[in-house]
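In what follows, a single structure is set out as structure tokens and then discussed.
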Amino acid sequence: MPRQDFCEDLATASIPGTFPRLSEIHAGGDHESFSFIYTIPFSPQSFAVQVTVIDVSAYPKDHQFFSFALSDDIMESASDVLSAHQPSPTRWTVSQFLTNISNFFDNSILGLGSPQVDAEQSDDGYDNDDMSWGPDSDQEEISRDASIVKRELRSDLSTVKAAGYKVGFLGSVTGAVIIAISCRIRKLGLSEDTLIAWDIKASEYLVLLIRYPRMYMQTEDILHQQETAISPVVQLHVGICDSYKPTLQCALDQFMDTNGGEKEPVQAREKRPGPGYRSFLSSVSLNRLLSDHFLQLLKYRCDLGLSWTEAEHYIYDNQGKLRKSCLQKSGKPSASDNSNISAPGLVTADHFLDKKPLDPLVFPLVAMQFVMRRFFRCAEFCLNCYRQMDPGFQAIKPFVCSDSLCLYQYMSLGMGPSIEWELLSQPYVVDLLASFTYRRAVYQQLTDFPNGIGLKVPGLWLSKTYGLSYSGNLDPTEGTLVVAKSPANKNIVTGDWIIFSDKLSTEWHCQVQDADAFPRITLSTPVLRNVNGTSGLTESENLRPEPGDVIFGIYSMDFDKLPDKDKCFVIAKLLDTIPDVHAMKNYITDGQQGSIRHLLSSWRHRLSPAALDLLRWIVASNRSCIMYNGDPQTMVSGMEGYMQFRLVQGAPDKEARFVQAVKSISSKGGNSKYPTIFTWHGSALANWHSILREGLHFNTMAHGRSHGNGVYMARHFTTSMGYSGEYSQPPSRSYGHWPRSVLNIVSAVSLNEVVNCPKQFVCQCSACYVISQLDWIQPRYLFVSSKSAEAFGVKGTQIRIPISAISSRQTKSPASLALDLLVEDGDGAESVATLAEDRNFVESIPSGDDQTPFRLESSKTDFRPGTLKASSLPLMKSPRYASLIATKSLHRHLQQTLRVQRTEPQHQLGWYIDPALVDNVYQWIVELHSFDRTLPLAQDLKKAKLTSIVTEICFPPQFPISPPFVRIIRPRLLQFKDGGGGHVTAGGSMCMELLTSTGWSAASSMESVFLQVRMALSNMEPCPARLASGQKKDYDMQNAVADYSRVCQMHGWKVPDDLAEVAWR
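Residue numbers (the UniProt record's numbering): 1 to 1065.
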């Protein structure tokens, strides 16, 4: 009866825990209504909803649900859900209605978009397949049992913790939850210089947040549901935090940003209580990678057995065209990911390789290990396309590859530190970099250019081949220009930049402030450049041109199309128009220290977009870490008159390789008292632009190589100064130095720490060292001098190097080094204590389900799992015919089967698989037990003091297309000719059409196979199965296959084509 059906469905739905966020589901007094309370995800807040059922007498085919809130303070998004679904579709049962209305609330409140509908039909009578609605959508697992979800989450977090990470959760462990996995930065063993370059602290935590919008899911479920899901099944975000996990609101803020919500001002977030959570140098790129490609990479690792490197190559380089070498893999990922780096175990660990074959893949651990790999090796990968950079110089700072599109997106998406932050924190470094670039451009030696970022430059500077000029009448007093009417003159719009020269050889650069009255345009205050002078830009009234006709050019030429010679010329010209670093810093701060009040892009009348983008490129493309050192405590003494910069080059692990080289040489008879020496390297100013981007190498020859191939170092400062070009003259005075430089650099020399093993140098003489081992060289300082500075230290006086310039590990005693190793294994004495809620959840693993692979009620069965000995079984190694497709399918079947085994009581299942006996997924040992005690077979087993029938399941190469081969190992059963039954052949194989090509279905689950085999053994027709008395010898494979083939021919069943491969495994 409809009303009775409604009441029964409502009673079933009222069971606590059925719906993750619904509670107190109660029937109304009229039995035609009910109410419930919905709890908002990640919040203790809730609201009550009343539901009225129209036409209960037509339930469940032609009724409707009307819902309304019982309180007035319900949030607007939830109110919109109730309004949008009035009335609900027909044919929804109570359970379907509650599931869907809960999903609607979730998606509206969390901003996840349109949810899926759990119904077979909509209210208009049409199927919902066209809208991707149905049981296979991303809501498929929404009503999983809460106890299973909790158990799986606890087990996985325990695995992550055992791998060396801190774990925590935010939200409901049985509903919407955010998992926090963290690692103390100190445990990565990064050098102090790397920490400074990346703007992180050793005491901070690298935190991965994993958000499950509906409930926790395991890897297989995530990959399966993601294929058809409209909204993300799982979301990931990585950042730096003061604690091992941020607050709930802080974590939600990160995902609200990725969901397209309005981003809250940073100042408001910083005022919130709780540990700080922030971005880092490569976090924008890494979070985009996690969002766009991680699940796809993970799927390829699972499906194709690739390593991370191979999966990345498959996606980014092959565009989905799998190489033959990948297809031939056996299913184990390659270890090549970590073969050439010096990294701690947390970085090189791979859960794919480390876990046991039957253990499930723990998604949080896999994700964190991927993050650790990418974080530690961030300088090896392009920040935009994620590909591994070309081999060669390994920089300490991450950047983009040589692809111009990557450079464009890097600049436009704002990856890396902003130019404003660089000017505030290191203005002299910006000056230094611009000066080096200017010098190299003037000497026409630039080989790397800002191609692809859309630079528009003036054509007036260039030859007639490339340059375009325009004519007009200028009134410098009024700041107006009347453009001559000519077919060659294109329209000029507001915001354009133009340039023109006069007879005084002064260039005017102006922004068009108003072009509405074209051809009459209004210009900004000009940026003046004195072409022949050395003072660079000036705003002197004496340089104003006379009113009259002028020739001018527009910033409209495409920089990328210019030849390299012209590009160098244009770069130098653009740098001439940039203000000095003090002026830019003052504009950014508006005269107030320590805060960014204006972006340089807003200085429209003073700084052209082309000049600003060029400056951003100069700073961003620097791959070295340079820091101005003005602290007397850390300065090198004896170098008065020189500006000192700390200089760090090479990949983050280069310091570790350098220290390893020092230890190796010292242990082999090297100088243990002085394991390193300090040497000088001088080079012309035009070379330092490339040295900072490529490192010290000997790929090019500038001054000859009379002492062999290698990097030339000098013992004495004066020797290196001779190669620095301090006394060489530039082509012209105006091109000698960047006109707007506040440093006015004349020369530059680096001080380098080198492994003290002159015997292995290419050359050692009184003049120089020649070193070919680049890992033996670590730059420590860069010294620069200006025109007016008097250089000291050039007379051979001894200099003193602060201890901070030497590798920190070399300065420690053996006792302190041992202590460091102990600290690196844990989180250190200053580690943030794990909160009680996280510790109690992970550590309170009850006995039973979480510790054993089965559920056993000993009073209901005499079977005892785990008593079968591996030595008594014909266990086989992985067969030669193993394939990726079959291995993947079998692993999935095995995991599903073991999952059922963990959740169902043994006396009800009647079968058991001991995971310890599965050496490979192609052979399962299954014990059939707990038969009905009235069966003759059960009575025979009891008399023989046996509790199970041991069977072997062998899977062919074409599984699941071909059926598995099932045979009994022991005990022997009475043959059919002797009155036995149970559908067992004389050789021990199962005689069932299901297990032949004729009756097999690829959709069959292994649980159903076990059930039908067990039913066949229990069948009393035509004769019951009985044990063969006195027969203790096991069945063998060859006889089982032979009898199976004979019975198939007798019944007309098709024998699988690949059965022979199973027999001759």
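The beta carbon of each residue, even a glycine, is placed where N, CA and C say it ideally should be.
Beta-bridge partners of SER33, as assigned by DSSP: THR52
Rounded C-alpha distance that separates LEU361 from PHE352: 7 angstroms
Nearest-angstrom Cα separation, counted from LEU383 out to SER878: 41 angstroms
For ILE185 and ASN709, the rounded distance between their alpha carbons: 39 angstroms
Cβ shell of LYS567 (< 6 angstroms), same chain only, five flanking positions each side left out: PHE449
Pair within 8 angstroms by beta-carbon distance, ALA944 and PRO971: A contact, by the Cβ cut-off of 8 angstroms.
Buried or exposed (CB count within 10 angstroms, at least 16 for buried), ASN752: Buried, by the Cβ-count rule.
Selection from THR506, PRO957, VAL493, LYS61 that minimises the alpha carbon distance to ASP514: That would be VAL493, whose Cα lies nearest to the Cα of ASP514.
Distance CB(ALA146)-CB(PRO41) smaller than 8 angstroms: no
Stretch-stretch touch, CB-based, cutoff 8 angstroms, three pairs: the stretch 622 to 634 with the stretch 759 to 775: no
Element boundaries [beta strand (DSSP E), containing MET372]: Looking at the DSSP string, MET372 is not in any beta strand (DSSP E); the run it does join, the alpha helix (DSSP H), is 363 to 376.
Rounded separation between SER989 and VAL966 - CA only: 6 angstroms
Alpha-carbon to alpha-carbon, VAL711 and PHE698: 6 angstroms
Reduced DSSP secondary structure (H/G/I, E/B, other) of ASP17: Per the sequence shown, the amino acid found at residue 17 is Gly instead of Asp. DSSP places GLY17 in coil when its eight states are reduced to three.
Among PRO579, HIS891, THR985, nearest to MET1037 - alpha-carbon criterion: THR985
Distance CB(GLY548)-CB(ASN491) smaller than 8 angstroms: no
Presumed contact (8 angstroms Cβ cut-off) between LEU928 and LEU1027, rounded CB distance: Contact doesn't hold; Cβ gap of about 13 angstroms is too wide.
Limits of the alpha helix (DSSP H) - the one that TYR565 falls within: Looking at the sequence shown, residue 565 is not Tyr but Lys. Taken as a continuous stretch (DSSP letters only), the alpha helix (DSSP H) holding LYS565 covers 564 to 576.
Cβ pair count under 8 angstroms reaching 3, the stretch 423 to 431 against the stretch 740 to 756: yes
Inside the stretch 575 to 661 only - alpha helix (DSSP H) runs reaching at least 4 residues: 581 to 589, 609 to 620
First through last residue of the beta strand (DSSP E) which encompasses GLN235: 235 to 241
Between the CA atoms of VAL284 and CYS378 - distance to the nearest angstrom: 12 angstroms
Straight-line Cα distance separating GLU694 from ALA335: Its pLDDT being 45, under 50, ALA335 is placed unreliably in this model, and the coordinates cannot settle the point.
Buried or exposed by the 16-neighbour rule on C-beta atoms within 10 Å, applied to residue 1070: Past the edges of the chain, shown from 1 to 1065, lies residue 1070, and the structure says nothing about it.
Assigned secondary structure, CYS382 (DSSP; H/G/I helix, E/B strand, else coil): coil
CB of LEU575 within 8 angstroms of CB of GLU420, strictly: no
Expected contact under 8 angstroms - CB spacing of LEU98 and PHE36 to nearest Å: 7 angstroms
Helix, strand or coil at LYS663 according to DSSP, with G and I counted as helix: Here LYS663 carries a helix assignment [DSSP, helix/strand/coil].
Pairwise C-alpha distance: ILE968 and LEU170: 50 angstroms
Beta-carbon proximity of VAL173 to LEU188, cut-off 8 angstroms: no
Pairwise C-alpha distance: ALA572 and SER435: 10 angstroms
Through-space distance from SER859 to LYS1033, alpha-carbon basis: 31 angstroms
Assigned secondary structure, GLY345 (DSSP; H/G/I helix, E/B strand, else coil): helix
Segment contact flag, the stretch 157 to 169 with the stretch 364 to 371, C-beta cutoff 8 angstroms, min 3 pairs: yes
Buried versus exposed, by CB contacts within 10 Å (16 or more), PRO963: buried
CB contact flag (THR934, GLN906, <8 angstroms): no
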